[in-house]
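Enquirer: Got a structure for you, questions after.
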Amino acid sequence: MKKEDRLEQRNPIEDLLRMDRIPHIWCPGCGIGTVLTSFAEALRKSEVDLDKIAVLSGIGCTGRVAGYVKLDSIHTTHGRAVPVATGLKLANPELKVVVFSGDGDIAGIGGNHFIHAARRNMDIMIICVNNFNYAMTGGQVAATTPRGANASTAPYGNFEYPFSLPYLAEASGATYVARWTALHLRRVTKSMQEALKKRGFSFIEVITPCVTLYARRNRLGDGLNLLKYYYEKSEIQHGADTRTLDISYQGKLIVGKFVDIEKPTFLDCMNEHLGKVLGDKYQTYGVNND
Amino acid sequence: MKKVMMGNHALSFGGMLGRAQVIAAYPITPQTQVVELLSEMCADKTLDATFIKVESEHSAMAASIGASLAGARTFTATSAQGLALMHELLHWASGGRNPVVMGNINRAMAPGWSIWSDQNDSLSQRDTGWIQFYCSNNQEVLDTVIQAFKVSEKLMIPSMVILDAFTLSHTYEVVDLPDQKKVDEFLPPFRPEIKLTPDDPHAFGGLTSPEHYFELRYKLQKDMEKAPALIEKTGKEYEKMFGRYLGQVEEYRCDDADFIFITSGTVGSTARVAIDELREEGVKVGNLRIKVFRPFPFEKVRNIIKKAKKVAVVDRNISYGHHGIFYQEVKSAMFGHHNSLPIFGFIAGLGGRDVTPSTFREILGHVQKKDKSEEEIIWIGVKK
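These protein sequence lines map, in sequence, to chains V and H.
Note that the first sequence covers residues 1 to 290 in the working numbering.
Note that the second sequence covers residues 291 to 674 in the working numbering.
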């Protein structure tokens, strides 16, 4: 390829990115960009109306997504993407509201909001990039760090039990739950397409390499080494019991679609209940958003 | 022992030498190195303390309060959004009289997202009943943490030790680490009169009727009023043992000054450089750096600036709908005492915009031009 031609090359998802914000801040070998590419692909394939998509992020490396996508987006405070998404969805039920954030944001500081949105079956979609640590601030222990892994606040290894996010999501009431790694990009895209069509609380966890912090501190090599780990240790088990999905340090990664059920959403429940109690006085709110 | 360290590590070593027993913290830029080093010290037992890797700053302060109630010396650190998230529990720590000591790295509040320095985060917590120390170099950070434990535990009022993002938090300076034995002598173990123990049962945090609540607040204020003298006394005691004195304010070439800048944090050390240059040129300027913002050092401020012809308060903060916060406070301190002293209010360096010696030249230019301030806010370096 000639140099001139190379300069002509464009990023295939450029039309979905705010190019004035590029270059992005993600490190070489990081998986967030690949998950974002899958998301762009899913948006294209599912042919959703881009004017009806809103992307929300909290804080952290993945939190940057809301700033990079050329869609209506909100970069919220740390942990609050889910309640902001809830407010947005209820004020404008026509929107497909997507929270795209990291494990620290969603399961750590925002954990309470996450379980309550799932409990209500709030009709939002959550993409959680899980890189096993708080990467933006320098690789501290997170609620997802496997036991035995080193982190900057666990210099002799983490001894706390981590969350198994699919289990937490299902137990809290999610209607769609999947887990993949940054290696399973076609499957990530497919899950995202399904979740974009889903009415109800949907949750997709994508395990991704954090090369600069998690891998370096644990001497796990570079991004390719982590992809090899995903390749060797991941096992697709659709419909697996979410109680069996714990992740041990460099251990087996059970991936797949675990939950895909239909259940009335928060608005369905509100309309049904208040319609019943108040009768004609009640005006149905926010349905027909499919 | 002398060591080269960043401001954040000066906080960690302060916590270590102060023998904090429980540390609960959540990571936030630009604070993380404070707790990373402390977590290492806790893990390898350099520091005999329990480190709690909490899930949010709200939990960090809650855990600190719990530990303090159990009678443990407690240290934590945060910044900006994290401090704001703690807000409810900041009131709880002071109202419940838990002498937690916390480092806060001054960082601008979002939105727009910023990780750079200004003081709106800590000044928003002005009325939570915490003692606030603003530091200007790394040695001062370390020395202040040790003294803050002593002052806080004596008064049973929590303290915040504050330093600017990056210009101090990430700047490496030589810091003299005092000898642990001498620190132990200066700062005996925390022995609260009342704590949560089965040996002597107490209930904390109960519903307080109008019959009693008012008096609790009266007592908090009365104890706060004891802080200025106690901070001076503790500073002198520390000076005797370690050779460094820290009081409520730092005065620099104010004695014969026609113009006095009032500053805080690292802006105060920049001011000193500007003053030396201006003095060479024959301009009589001085700097009063306010170190302790709560309780406000009324007497010190009044006595030092009353002799000046004009005063310029430099705020790296703003109270929207009012003025720079230090400016308000200085004016209120002078009102009824020295009403004719012209005080000018400047706002500079919000969101990490640099404040340099030339900033002070610009400020001086404004002050020299007018007999008294015609506007309450003079913006320095803003692109209008």
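Ideal Cβ placement from N, Cα and C applies to all residues, glycine included.
For V/Val69 and chain H, any beta-carbon pair shorter than 8 Å?
Expert: No, its Cβ sits nowhere closer than 8 Å to a Cβ of chain H.
Enquirer: At 3 residues or longer, and completely inside the segment 47–107 of chain V: list those beta strand (DSSP E) runs for me, N to C.
Expert: 53–57, 72–75, 96–102, all fully within the segment 47–107 of chain V.
Enquirer: At a CB distance below 8 Å, what residues from the segment 154–178 of chain V approach chain H? Give them in sequence order.
Expert: Cβ contacts with chain H: Ala154, Pro155, Tyr156, Glu160.
Enquirer: Evaluate V/Asp290 with the Cβ neighbour count: other Cβ atoms within 10 Å of its Cβ, from every protein chain shown; 16 or more gives buried, anything less gives exposed.
Expert: Note that V/Asp290 scores 44 on pLDDT, short of 50, meaning its location in the model is unreliable; the coordinates nonetheless yield the value given after this. With fewer than 16 other Cβ atoms within 10 Å, it is exposed.
Enquirer: How far does the alpha helix (DSSP H) with V/Leu185 in it reach, from first residue to last?
Expert: That run of the alpha helix (DSSP H) goes 185–197.
Enquirer: Given this structure, state the Cα-to-Cα distance separating H/Lys621 from H/Gln658, to the nearest angstrom.
Expert: Between H/Lys621 and H/Gln658, the C-alpha separation is close to 19 Å.
Enquirer: Hey, H/Val604 and H/Thr646: beta-carbon distance below 8 Å or not?
Expert: Cβ atoms of H/Val604 and H/Thr646: not closer than 8 Å.
Enquirer: Tell me which residue opens and which closes the beta strand (DSSP E) that V/Ala154 is part of.
Expert: Here V/Ala154 belongs to no beta strand (DSSP E), and DSSP marks it neither H nor E.
Enquirer: Of all the CB atoms in chain H, is at least one closer than 8 Å to the CB of V/Tyr134?
Expert: Taking Cβ atoms only, chain H reaches closer than 8 Å to V/Tyr134, which makes this a yes.
Enquirer: State the Cα-Cα distance for the pair H/Glu378 and H/Glu664, rounded to the nearest angstrom.
Expert: Spanning the two alpha carbons is a distance of roughly 39 Å.
Enquirer: For H/Thr418 and H/Gly496, I'd like the C-alpha separation in whole angstroms.
Expert: If I take the Cα positions, the gap works out to 19 Å.
Enquirer: Closest to V/Cys269 by CA distance: which of V/Ala215, V/Gly286, V/Pro166, V/Met125 is it?
Expert: Of the listed residues, the one whose Cα sits closest to V/Cys269 is V/Gly286.
Enquirer: May I ask which residues mark the beginning and end of the alpha helix (DSSP H) holding H/Gly572?
Expert: Run containing H/Gly572: none; DSSP gives neither H nor E here.
Enquirer: On the three-state DSSP scale, how would you describe H/Phe439?
Expert: In this structure, H/Phe439 counts as helix in the three-state DSSP scheme.
Enquirer: Would you say H/Ser354 reaches chain V, if we count a Cβ-Cβ gap shorter than 8 Å as a contact?
Expert: Output row for H/Ser354: interface = no.
Enquirer: Anything in chain V within Cβ reach of H/Gln371, meaning under 7 Å, just list it in chain order.
Expert: Near H/Gln371 (Cβ distances below 7 Å), the residues of chain V are Thr77, His78.
Enquirer: Could you give the distance in angstroms between the alpha-carbon of V/Ser234 and the alpha-carbon of V/Ala195?
Expert: Rounded to the nearest angstrom, the two C-alpha atoms are 22 Å apart.
Enquirer: Rounded to whole angstroms, what is the Cα-Cα separation between V/Lys252 and H/Glu527?
Expert: Cα to Cα, the separation comes out at about 59 Å.
Enquirer: Give me the Cα-Cα distance between V/Asp20 and V/Thr37, rounded to the nearest whole angstrom.
Expert: The straight-line gap from Cα to Cα measures roughly 17 Å.
Enquirer: Within 8 Å of any Cβ in chain H, is that where the Cβ of V/Ala143 sits?
Expert: Closer than 8 Å: yes.
Enquirer: In angstroms with no decimal places, state the Cα-to-Cα distance between H/Asn427 and H/Pro468.
Expert: The straight-line gap from Cα to Cα measures roughly 16 Å.
Enquirer: For the structure I just gave you, are there three or more beta carbon pairs, one from the segment 113–132 of chain V and one from the segment 303–311 of chain H, closer than 8 Å?
Expert: In short, these stretches do not touch, since the Cβ pair count stays below three.
Enquirer: Does the beta-carbon distance from H/Leu380 to H/Trp420 come in below 8 Å?
Expert: Closer than 8 Å, so yes.
Enquirer: Determine the extent of the beta strand (DSSP E) in which V/Lys257 is found, giving its start and end residues.
Expert: Per DSSP, V/Lys257 belongs to the beta strand (DSSP E) from 253–260.
Enquirer: Which residue comes first and which comes last in the beta strand (DSSP E) that contains H/Arg591?
Expert: The sequence as given places Val at residue 591 of chain H; Arg does not occur at that position. No beta strand (DSSP E) holds H/Val591; the alpha helix (DSSP H) holding it covers 588–595.
Enquirer: Here's a check: name, in chain order, each residue in its chain whose Cβ is nearer than 7 Å to the Cβ of H/Gly525, leaving out the five neighbours to either side.
Expert: Closer than 7 Å at the Cβ level, and outside the excluded window around H/Gly525, lie Gln437, Tyr535, Leu536, Gly537.
Enquirer: Mind checking which residues open and close the alpha helix (DSSP H) that includes H/Gln422?
Expert: Taken as a continuous stretch (DSSP letters only), H/Gln422 belongs to no alpha helix (DSSP H), being part of the beta strand (DSSP E) at 421–424.
Enquirer: Residues of chain H with CB closer than 9 Å to the CB of V/Gly102, please, in chain order.
Expert: Per Cβ cutoff of 9 Å: no residues; V/Gly102 is ~13 Å from chain H at best.
Enquirer: Tell me the rounded alpha-carbon separation between V/Gln250 and H/Ala398.
Expert: Straight-line Cα distance between these residues: approximately 39 Å.
Enquirer: Assign H/Ala598 to one of three DSSP states: helix, strand, or coil.
Expert: Three-state DSSP puts H/Ala598 in coil, outside helix and strand.
Enquirer: Residues bridged to V/Ala178 by DSSP?
Expert: DSSP lists V/Ile204, V/Lys257 as partners of V/Ala178.
Enquirer: Give me whichever residues DSSP pairs with H/Phe634 in a beta bridge.
Expert: Note: H/Phe634 sits in a beta bridge opposite H/Ala602.
Enquirer: Please list the terminal residues of the continuous beta strand (DSSP E) segment that includes V/Tyr312.
Expert: Residue coverage of chain V in this structure runs from 1 to 290, which leaves residue 312 of chain V outside it and unanswerable.
Enquirer: Are any of the Cβ atoms in chain V nearer than 8 Å to that of H/Glu475?
Expert: Not one chain V Cβ lies under 8 Å of H/Glu475.
Enquirer: Could you check where the alpha helix (DSSP H) with H/Thr322 kicks off and where it finishes?
Expert: Taken as a continuous stretch (DSSP letters only), the alpha helix (DSSP H) holding H/Thr322 covers 322–333.
Enquirer: Just the Cα atoms here: how many angstroms apart are H/Gly655 and H/Phe583?
Expert: Computed Cα separation, rounded: 27 Å.
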